[in-house]
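These notes are about the structure you will find just below.
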Amino acid sequence: MAQRLLLPLPVPSGDAVRDLLPTLAEALAGRGPAWFPVPASTRTAAAPPLPAGIGLGDPLAATEDDPDDPTVLVVPTSGSTGGASGVLLPPSALLASARATQERLGGPGDWLLALPAHHIAGLQVLLRAAGAGTGLTVLDVDMPFTAARFAAAVTAMSGSRRYVSLVPTQLTRILLDPEATAALAGFDAVLVGGAATPPVLAGRARAAGVRLHLTYGMTETCGGCVYDGRPLAGVRTEVDPDGRVLLTGPMVARGYHGRPADPAFPRPGTHRTNDRGEIVDGELHVLGRMDDMILTGGLKVPPVVLEDALASLPGVAAAAVVGPPDPEWGQRVCAVLVPDGSRALPTLDELRELLRGQGLAAALLPRQIVVLDSLPVRGPGKPDRVALLALADR
(Lines of atoms letter the chains of each structure in order from A; the text may use other names.)
(Lines give C-alpha, C1' and ligand atoms only; values in the text may rest on other atoms or scores of the structure.)
Protein backbone atom coordinates (compact mmCIF):
# COMPACT_ATOMS: atom_id res chain seq x y z
CA MET A 62 0.00 0.00 0.00
CA ALA A 63 1.40 3.40 -1.02
CA GLN A 64 2.14 5.88 1.74
CA ARG A 65 -0.52 8.54 2.05
CA LEU A 66 0.36 12.18 1.47
CA LEU A 67 -0.08 15.12 3.80
CA LEU A 68 -1.92 17.79 1.83
CA PRO A 69 -3.17 21.28 2.73
CA LEU A 70 -6.90 21.70 3.33
CA PRO A 71 -7.78 25.38 2.74
CA VAL A 72 -10.54 26.31 5.17
CA PRO A 73 -12.69 29.24 4.02
CA SER A 74 -14.81 31.43 6.26
CA GLY A 75 -18.47 32.26 5.93
CA ASP A 76 -20.94 30.04 4.09
CA ALA A 77 -18.18 28.71 1.83
CA VAL A 78 -17.02 26.54 4.74
CA ARG A 79 -19.98 24.27 3.98
CA ASP A 80 -18.07 23.11 0.92
CA LEU A 81 -15.78 21.18 3.28
CA LEU A 82 -18.56 18.94 4.61
CA PRO A 83 -18.28 16.28 1.85
CA THR A 84 -14.49 16.16 2.29
CA LEU A 85 -14.84 15.78 6.05
CA ALA A 86 -17.47 13.06 5.61
CA GLU A 87 -14.98 11.18 3.42
CA ALA A 88 -12.32 11.66 6.08
CA LEU A 89 -14.61 10.25 8.78
CA ALA A 90 -15.09 7.22 6.51
CA GLY A 91 -11.29 6.78 6.38
CA ARG A 92 -10.93 7.85 2.77
CA GLY A 93 -8.72 10.46 1.14
CA PRO A 94 -5.29 11.85 2.01
CA ALA A 95 -4.16 13.21 5.36
CA TRP A 96 -5.36 16.81 5.45
CA PHE A 97 -3.60 19.70 7.21
CA PRO A 98 -6.16 22.52 7.76
CA VAL A 99 -4.99 26.03 6.89
CA PRO A 100 -7.06 29.23 6.72
CA ALA A 101 -7.96 30.13 3.15
CA SER A 102 -7.92 33.80 4.15
CA THR A 103 -5.21 35.46 6.20
CA ARG A 104 -7.21 38.60 6.92
CA THR A 105 -7.76 37.66 10.56
CA ALA A 106 -5.61 34.56 11.05
CA ALA A 107 -2.10 33.65 10.05
CA ALA A 108 -1.55 30.19 8.60
CA PRO A 109 -0.47 27.75 11.31
CA PRO A 110 3.11 26.54 11.15
CA LEU A 111 3.85 23.24 9.47
CA PRO A 112 4.96 20.29 11.58
CA ALA A 113 8.71 20.50 12.08
CA GLY A 114 10.83 18.95 9.37
CA ILE A 115 7.94 17.83 7.14
CA GLY A 116 6.51 19.65 4.14
CA LEU A 117 3.02 19.51 2.70
CA GLY A 118 2.94 17.00 -0.12
CA ASP A 119 5.31 14.62 1.68
CA PRO A 120 4.15 11.13 2.67
CA LEU A 121 3.28 10.25 6.24
CA ALA A 122 5.76 8.00 8.00
CA ALA A 123 4.70 4.38 8.31
CA THR A 124 4.50 4.80 12.10
CA GLU A 125 2.03 7.67 11.68
CA ASP A 126 -0.57 5.73 9.73
CA ASP A 127 -2.65 2.56 9.95
CA PRO A 128 -4.42 1.02 6.93
CA ASP A 129 -7.35 -0.01 9.12
CA ASP A 130 -7.64 3.38 10.85
CA PRO A 131 -5.73 5.89 8.72
CA THR A 132 -4.61 9.32 9.88
CA VAL A 133 -7.02 11.61 8.04
CA LEU A 134 -6.32 14.94 9.75
CA VAL A 135 -3.10 16.48 11.02
CA VAL A 136 -4.37 19.43 13.05
CA PRO A 137 -2.04 22.11 14.42
CA THR A 138 -2.08 22.96 18.11
CA SER A 139 -2.48 26.61 19.06
CA GLY A 140 1.13 27.01 20.21
CA SER A 141 0.03 29.43 22.93
CA THR A 142 3.20 28.87 24.98
CA GLY A 143 5.64 28.10 22.16
CA GLY A 144 5.87 26.23 18.88
CA ALA A 145 2.87 24.42 17.42
CA SER A 146 2.67 20.67 16.75
CA GLY A 147 0.78 18.67 14.15
CA VAL A 148 -1.59 16.21 15.85
CA LEU A 149 -2.33 12.90 14.08
CA LEU A 150 -6.08 12.19 14.17
CA PRO A 151 -7.67 8.99 12.76
CA PRO A 152 -11.42 8.54 12.10
CA SER A 153 -11.84 6.35 15.19
CA ALA A 154 -10.76 9.21 17.47
CA LEU A 155 -12.83 11.86 15.67
CA LEU A 156 -15.96 9.69 15.67
CA ALA A 157 -15.50 8.71 19.32
CA SER A 158 -15.33 12.39 20.24
CA ALA A 159 -18.40 13.34 18.20
CA ARG A 160 -20.47 10.46 19.57
CA ALA A 161 -19.47 11.08 23.18
CA THR A 162 -20.34 14.77 22.83
CA GLN A 163 -23.71 13.95 21.27
CA GLU A 164 -24.47 11.49 24.07
CA ARG A 165 -23.60 14.02 26.79
CA LEU A 166 -25.68 16.76 25.16
CA GLY A 167 -28.75 14.61 24.74
CA GLY A 168 -28.79 13.76 21.04
CA PRO A 169 -28.00 15.20 17.61
CA GLY A 170 -28.75 18.84 16.91
CA ASP A 171 -28.03 21.72 14.57
CA TRP A 172 -24.81 23.66 15.18
CA LEU A 173 -23.83 27.28 14.92
CA LEU A 174 -20.20 27.61 13.81
CA ALA A 175 -18.72 30.69 15.50
CA LEU A 176 -15.05 29.62 15.69
CA PRO A 177 -12.27 29.34 13.08
CA ALA A 178 -12.61 25.90 11.51
CA HIS A 179 -8.89 25.35 10.97
CA HIS A 180 -8.54 24.84 14.75
CA ILE A 181 -9.93 21.78 16.49
CA ALA A 182 -12.87 23.48 18.26
CA GLY A 183 -14.32 24.91 15.06
CA LEU A 184 -13.35 21.86 13.04
CA GLN A 185 -15.24 19.65 15.48
CA VAL A 186 -18.42 21.64 14.86
CA LEU A 187 -18.09 20.78 11.16
CA LEU A 188 -17.26 17.15 11.91
CA ARG A 189 -20.26 16.75 14.23
CA ALA A 190 -22.58 18.21 11.59
CA ALA A 191 -21.00 16.07 8.85
CA GLY A 192 -21.13 12.90 10.93
CA ALA A 193 -24.71 13.32 12.13
CA GLY A 194 -26.08 14.95 8.97
CA THR A 195 -27.53 17.83 11.01
CA GLY A 196 -27.94 21.48 10.08
CA LEU A 197 -25.12 24.01 10.15
CA THR A 198 -25.37 27.80 10.46
CA VAL A 199 -22.16 29.77 9.90
CA LEU A 200 -20.96 33.01 11.45
CA ASP A 201 -18.21 34.51 9.27
CA VAL A 202 -15.09 34.53 11.46
CA ASP A 203 -13.27 36.83 9.01
CA MET A 204 -15.49 39.58 10.40
CA PRO A 205 -15.18 40.83 14.00
CA PHE A 206 -17.29 38.89 16.47
CA THR A 207 -20.07 41.07 17.87
CA ALA A 208 -23.13 40.32 19.95
CA ALA A 209 -25.37 41.78 17.24
CA ARG A 210 -23.92 39.51 14.54
CA PHE A 211 -24.29 36.53 16.84
CA ALA A 212 -27.95 37.30 17.56
CA ALA A 213 -28.65 37.74 13.85
CA ALA A 214 -27.03 34.37 13.04
CA VAL A 215 -29.17 32.60 15.65
CA THR A 216 -32.35 33.77 13.90
CA ALA A 217 -31.29 31.75 10.84
CA MET A 218 -31.30 28.47 12.80
CA SER A 219 -34.39 26.28 12.55
CA GLY A 220 -33.57 22.92 14.16
CA SER A 221 -35.47 21.58 17.15
CA ARG A 222 -32.17 21.17 19.06
CA ARG A 223 -29.43 23.79 18.80
CA TYR A 224 -25.82 23.83 19.93
CA VAL A 225 -22.94 26.30 19.79
CA SER A 226 -19.30 26.28 20.85
CA LEU A 227 -17.68 29.52 22.07
CA VAL A 228 -14.57 30.86 23.76
CA PRO A 229 -14.81 32.96 26.96
CA THR A 230 -14.22 36.27 25.14
CA GLN A 231 -17.23 35.65 22.92
CA LEU A 232 -19.36 34.72 25.92
CA THR A 233 -18.35 37.96 27.64
CA ARG A 234 -19.44 40.07 24.65
CA ILE A 235 -22.76 38.24 24.31
CA LEU A 236 -23.65 38.74 27.98
CA LEU A 237 -23.23 42.51 27.62
CA ASP A 238 -26.10 42.56 25.09
CA PRO A 239 -29.63 41.64 26.24
CA GLU A 240 -30.83 40.50 22.80
CA ALA A 241 -27.77 38.29 22.25
CA THR A 242 -28.06 36.92 25.79
CA ALA A 243 -31.68 35.92 25.15
CA ALA A 244 -30.61 34.25 21.90
CA LEU A 245 -27.88 32.31 23.71
CA ALA A 246 -30.33 31.16 26.38
CA GLY A 247 -32.36 29.52 23.60
CA PHE A 248 -29.63 26.95 22.85
CA ASP A 249 -29.97 23.44 24.23
CA ALA A 250 -26.25 23.47 25.08
CA VAL A 251 -23.52 26.09 24.97
CA LEU A 252 -19.97 24.72 25.06
CA VAL A 253 -17.28 27.11 26.28
CA GLY A 254 -13.61 26.20 26.12
CA GLY A 255 -10.33 27.02 24.45
CA ALA A 256 -9.23 28.93 27.56
CA ALA A 257 -10.12 29.00 31.24
CA THR A 258 -13.55 30.50 31.94
CA PRO A 259 -13.60 32.70 35.06
CA PRO A 260 -16.17 31.45 37.59
CA VAL A 261 -17.81 34.89 37.72
CA LEU A 262 -18.41 34.75 33.96
CA ALA A 263 -19.87 31.24 34.13
CA GLY A 264 -22.11 32.35 36.99
CA ARG A 265 -23.43 35.32 35.00
CA ALA A 266 -24.22 33.07 32.04
CA ARG A 267 -26.08 30.50 34.13
CA ALA A 268 -28.01 33.24 35.96
CA ALA A 269 -29.18 34.42 32.53
CA GLY A 270 -30.57 30.97 31.75
CA VAL A 271 -27.71 29.80 29.52
CA ARG A 272 -27.29 26.00 29.47
CA LEU A 273 -23.54 26.26 29.87
CA HIS A 274 -21.00 23.43 29.70
CA LEU A 275 -17.39 24.28 30.56
CA THR A 276 -15.23 22.00 28.44
CA TYR A 277 -11.67 20.83 28.89
CA GLY A 278 -9.58 19.17 26.24
CA MET A 279 -7.14 19.95 23.48
CA THR A 280 -6.27 19.08 19.91
CA GLU A 281 -4.61 15.91 21.22
CA THR A 282 -8.04 14.72 22.47
CA CYS A 283 -10.08 15.89 19.45
CA GLY A 284 -11.22 18.87 21.52
CA GLY A 285 -13.18 18.80 24.76
CA CYS A 286 -13.36 15.42 26.47
CA VAL A 287 -14.25 16.59 29.99
CA TYR A 288 -17.44 18.63 30.48
CA ASP A 289 -18.03 20.47 33.74
CA GLY A 290 -15.25 18.46 35.34
CA ARG A 291 -16.78 15.09 34.40
CA PRO A 292 -15.19 12.98 31.65
CA LEU A 293 -17.21 12.03 28.59
CA ALA A 294 -18.17 8.38 28.05
CA GLY A 295 -15.05 6.23 27.63
CA VAL A 296 -12.68 8.87 29.04
CA ARG A 297 -10.59 8.40 32.19
CA THR A 298 -8.94 11.30 34.00
CA GLU A 299 -5.89 10.85 36.22
CA VAL A 300 -3.44 13.10 38.05
CA ASP A 301 0.12 11.83 38.47
CA PRO A 302 2.24 12.43 41.62
CA ASP A 303 3.55 15.69 40.12
CA GLY A 304 0.00 16.99 39.69
CA ARG A 305 -0.01 16.54 35.91
CA VAL A 306 -3.32 15.64 34.22
CA LEU A 307 -3.44 12.46 32.11
CA LEU A 308 -6.35 11.75 29.78
CA THR A 309 -7.16 8.29 28.43
CA GLY A 310 -9.87 7.40 25.95
CA PRO A 311 -10.75 6.50 22.36
CA MET A 312 -10.59 10.13 21.20
CA VAL A 313 -6.89 10.51 22.08
CA ALA A 314 -4.68 11.21 19.05
CA ARG A 315 -2.13 8.85 17.54
CA GLY A 316 0.74 11.23 18.34
CA TYR A 317 2.59 14.17 16.80
CA HIS A 318 3.64 14.41 13.18
CA GLY A 319 7.37 13.91 12.80
CA ARG A 320 7.89 13.11 16.50
CA PRO A 321 7.66 9.36 17.10
CA ALA A 322 7.56 8.10 20.69
CA ASP A 323 6.86 11.58 22.07
CA PRO A 324 6.47 11.44 25.89
CA ALA A 325 3.15 13.28 25.57
CA PHE A 326 1.74 9.91 24.44
CA PRO A 327 3.23 7.40 26.93
CA ARG A 328 0.97 4.60 25.67
CA PRO A 329 -1.72 4.26 22.98
CA GLY A 330 -4.88 6.08 23.96
CA THR A 331 -3.28 8.22 26.70
CA HIS A 332 -2.23 11.86 26.50
CA ARG A 333 0.11 13.26 29.13
CA THR A 334 -0.99 16.88 29.20
CA ASN A 335 0.98 19.94 30.27
CA ASP A 336 -1.75 20.91 32.73
CA ARG A 337 -1.83 20.74 36.52
CA GLY A 338 -4.98 19.49 38.18
CA GLU A 339 -6.69 17.70 40.99
CA ILE A 340 -9.64 15.31 41.16
CA VAL A 341 -12.17 15.99 43.91
CA ASP A 342 -15.17 13.66 44.27
CA GLY A 343 -14.62 12.44 40.72
CA GLU A 344 -14.51 15.95 39.27
CA LEU A 345 -11.40 17.25 37.53
CA HIS A 346 -10.26 20.74 38.49
CA VAL A 347 -7.62 22.18 36.14
CA LEU A 348 -5.20 24.48 37.97
CA GLY A 349 -3.27 25.87 35.01
CA ARG A 350 -0.35 24.76 32.91
CA MET A 351 2.69 23.12 34.45
CA ASP A 352 5.00 25.66 32.83
CA ASP A 353 2.84 28.68 33.79
CA MET A 354 3.69 28.36 37.49
CA ILE A 355 5.40 31.51 38.76
CA LEU A 356 8.26 31.12 41.25
CA THR A 357 8.51 34.36 43.20
CA GLY A 358 10.56 34.78 46.34
CA GLY A 359 10.90 31.01 46.58
CA LEU A 360 7.12 30.46 46.54
CA LYS A 361 5.03 28.94 43.75
CA VAL A 362 2.11 31.00 42.43
CA PRO A 363 -0.50 29.33 40.17
CA PRO A 364 -1.73 32.08 37.80
CA VAL A 365 -5.27 30.68 37.47
CA VAL A 366 -6.08 31.43 41.13
CA LEU A 367 -5.17 35.10 40.75
CA GLU A 368 -6.77 35.33 37.28
CA ASP A 369 -10.11 34.18 38.68
CA ALA A 370 -9.88 36.76 41.48
CA LEU A 371 -8.96 39.56 39.06
CA ALA A 372 -11.79 38.69 36.67
CA SER A 373 -14.30 39.12 39.49
CA LEU A 374 -13.31 42.75 40.16
CA PRO A 375 -15.50 45.61 38.93
CA GLY A 376 -14.16 47.29 35.81
CA VAL A 377 -12.16 44.25 34.62
CA ALA A 378 -13.25 42.68 31.33
CA ALA A 379 -10.41 40.15 31.12
CA ALA A 380 -7.27 39.28 33.04
CA ALA A 381 -4.12 37.21 32.71
CA VAL A 382 -1.17 36.69 35.03
CA VAL A 383 2.45 36.15 34.00
CA GLY A 384 5.81 36.13 35.75
CA PRO A 385 8.48 38.22 34.02
CA PRO A 386 12.03 37.94 35.39
CA ASP A 387 12.84 40.08 38.40
CA PRO A 388 16.30 40.66 39.93
CA GLU A 389 14.95 40.58 43.50
CA TRP A 390 12.10 38.04 43.39
CA GLY A 391 13.25 35.75 40.59
CA GLN A 392 9.90 36.33 38.92
CA ARG A 393 7.42 39.06 39.78
CA VAL A 394 3.68 38.56 39.66
CA CYS A 395 2.28 40.73 36.88
CA ALA A 396 -1.47 41.29 36.39
CA VAL A 397 -2.43 42.03 32.79
CA LEU A 398 -5.85 43.70 32.78
CA VAL A 399 -8.35 44.66 30.09
CA PRO A 400 -10.81 47.33 31.32
CA ASP A 401 -14.52 47.05 30.53
CA GLY A 402 -14.93 50.85 30.43
CA SER A 403 -17.42 50.98 33.30
CA ARG A 404 -14.97 52.59 35.73
CA ALA A 405 -11.30 53.36 36.26
CA LEU A 406 -9.09 50.42 37.07
CA PRO A 407 -7.53 50.39 40.55
CA THR A 408 -3.94 51.43 41.10
CA LEU A 409 -1.43 48.73 42.05
CA ASP A 410 -1.79 49.50 45.77
CA GLU A 411 -5.59 49.54 45.51
CA LEU A 412 -5.56 46.28 43.56
CA ARG A 413 -3.39 44.54 46.15
CA GLU A 414 -5.73 45.72 48.92
CA LEU A 415 -8.83 44.47 47.05
CA LEU A 416 -7.24 41.06 46.50
CA ARG A 417 -6.05 40.90 50.11
CA GLY A 418 -9.67 41.45 51.09
CA GLN A 419 -10.60 38.35 49.09
CA GLY A 420 -8.27 36.32 51.28
CA LEU A 421 -5.43 35.89 48.78
CA ALA A 422 -2.02 35.10 50.25
CA ALA A 423 0.69 37.74 50.05
CA ALA A 424 2.66 35.76 47.43
CA LEU A 425 -0.32 35.99 45.03
CA LEU A 426 -0.58 39.77 45.16
CA PRO A 427 0.66 41.47 41.96
CA ARG A 428 3.78 43.62 41.93
CA GLN A 429 3.05 45.03 38.48
CA ILE A 430 0.02 45.96 36.37
CA VAL A 431 -0.08 46.09 32.56
CA VAL A 432 -3.26 47.49 30.97
CA LEU A 433 -4.18 46.44 27.42
CA ASP A 434 -7.14 47.02 25.12
CA SER A 435 -7.34 43.24 24.60
CA LEU A 436 -5.33 40.16 25.48
CA PRO A 437 -3.11 38.78 22.70
CA VAL A 438 -4.36 35.33 21.76
CA ARG A 439 -3.32 32.32 19.73
CA GLY A 440 -5.71 29.81 18.33
CA PRO A 441 -9.38 30.17 19.25
CA GLY A 442 -9.08 32.39 22.30
CA LYS A 443 -6.07 31.08 24.24
CA PRO A 444 -4.00 33.85 25.86
CA ASP A 445 -0.61 34.12 24.18
CA ARG A 446 1.66 33.73 27.21
CA VAL A 447 4.82 34.38 25.22
CA ALA A 448 3.49 37.73 23.98
CA LEU A 449 2.18 38.63 27.44
CA LEU A 450 5.56 37.95 29.02
CA ALA A 451 7.26 40.16 26.44
CA LEU A 452 4.81 43.00 27.16
CA ALA A 453 5.32 42.67 30.91
CA ASP A 454 9.12 42.59 30.60
CA ARG A 455 9.52 45.83 28.68
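Take 62 as the starting number for the sequence shown in the numbering used here and just add one per residue.
Here a beta-carbon is modelled for each residue, glycine too, at the ideal position from N, C-alpha and C.
Next on the checklist: For Arg315 and Ser153, what's the separation of their Cα atoms in angstroms?
Outcome noted: 10 Å
Checklist entry - In whole angstroms, what is the alpha-carbon distance linking Ala106 and Met204? => result Note that Ala106 has pLDDT 47, beneath the 50 cutoff, so the model's placement of it is unreliable and the number below is only indicative. In this structure, the alpha-carbon of Ala106 lies about 11 Å from that of Met204.
Checklist entry - Based on the DSSP output, what are the partners of Asp126 in its beta bridges? => result According to DSSP, which records beta bridges pairwise, Asp126 is partnered with nothing at all.
Checklist entry - Are there 16 or more other CB atoms within 10 angstroms of the CB of Val381, so buried, or fewer, so exposed? => result Note on residue identity: the sequence assigns Ala, not Val, to residue 381. Counting Cβ neighbours within 10 Å, Ala381 comes out buried, since at least 16 surround it.
Checklist entry - Among Pro151, Leu134, Pro363, Thr138, which one has its Cα closest to the Cα of Asp127? => result Pro151
Checklist entry - Is Ser226 helix, strand or coil when you go by DSSP? => result strand
Item to check | Beta-carbon separation (whole angstroms), Ala217 vs Thr242, contact threshold 8 Å | outcome: That pair is no contact at about 18 Å.
Next on the checklist: Based on DSSP bridge pairs, tell me the residues matched to Val438.
Outcome noted: Pro444
Checklist entry - On the three-state DSSP scale, how would you describe Leu406? => result coil
Checklist entry - Hey, Gly319 and Ile355 are a contact pair by Cβ (cut 8 Å); roughly how many whole angstroms apart? => result Contact doesn't hold; Cβ gap of about 32 Å is too wide.
Next on the checklist: According to DSSP, is Gly391 part of a helix, a strand, or is it coil?
Outcome noted: In the structure shown, Gly391 sits in a strand (DSSP, three-state: E or B).
Checklist entry - What do you get for Leu436, buried or exposed, if any count of 16 or more other CB atoms within 10 angstroms of its CB means buried? => result buried
Checklist entry - My guess is that Arg165 and Tyr288 are in contact by the Cβ rule of under 8 Å, so how many angstroms apart are they, rounded? => result 6 Å
Item to check | Residues of its chain near Asp80, where Cβ-Cβ distance is below 8 Å and the 5 sequence neighbours each way are ignored | outcome: Cβ neighbours of Asp80 beyond the five flanking positions: Pro73.
Checklist entry - Assuming Leu237 contacts Ala372 under a Cβ cut-off of 8 Å, what Cβ separation, rounded to an integer in Å, is found between them? => result With 8 Å as the limit, Leu237 and Ala372 do not qualify as a contact, their Cβ atoms being about 15 Å apart.
Checklist entry - Closest by CA to Met312, which one among Ser403, Gly285, Leu273? => result With distances taken between Cα atoms, Met312 lies closest to Gly285.
Next on the checklist: Only counting the same chain, and skipping five residues up and downstream in sequence, which positions put a Cβ closer than 7 Å to that of Ala266?
Outcome noted: Leu232, Leu236, Leu273
Checklist entry - Mind checking whether Ala159 and Leu187 have CB atoms under 7 Å apart? => result no
Item to check | Among Gly93, Leu348, Thr124, Pro69, the one whose alpha carbon lies nearest that of Gly118 | outcome: Pro69
Checklist entry - When we look at the beta-carbon of Leu360 and count the other beta-carbons within 10 Å, is it buried (16 or more) or exposed? => result exposed
Checklist entry - What does a CB cutoff of less than 7 Å around Gly192 pick up in its chain, not counting 5 residues either side in sequence? => result Only Leu89, Leu156, Ala159 meet the Cβ criterion.
Checklist entry - In the DSSP assignment, what are the bridge partners of Val399? => result Ala379
Next on the checklist: In the DSSP assignment, the beta strand (DSSP E) including Thr331 goes from what residue to what residue?
Outcome noted: 331 to 341
Checklist entry - Going along the chain, which residues of its own chain have a beta-carbon closer than 6 Å to the beta-carbon of Arg350, five neighbours each way excluded? => result Asn335, Asp336
Checklist entry - Distance, Cα to Cα, Arg104 vs Gly420? => result Only weak support is given to the placement of Arg104: the predicted model assigns it a pLDDT of 47, under 50, and the question is left unresolved by the model.
Checklist entry - Do Pro441 and Val228 have their CB atoms nearer than 7 Å? => result yes
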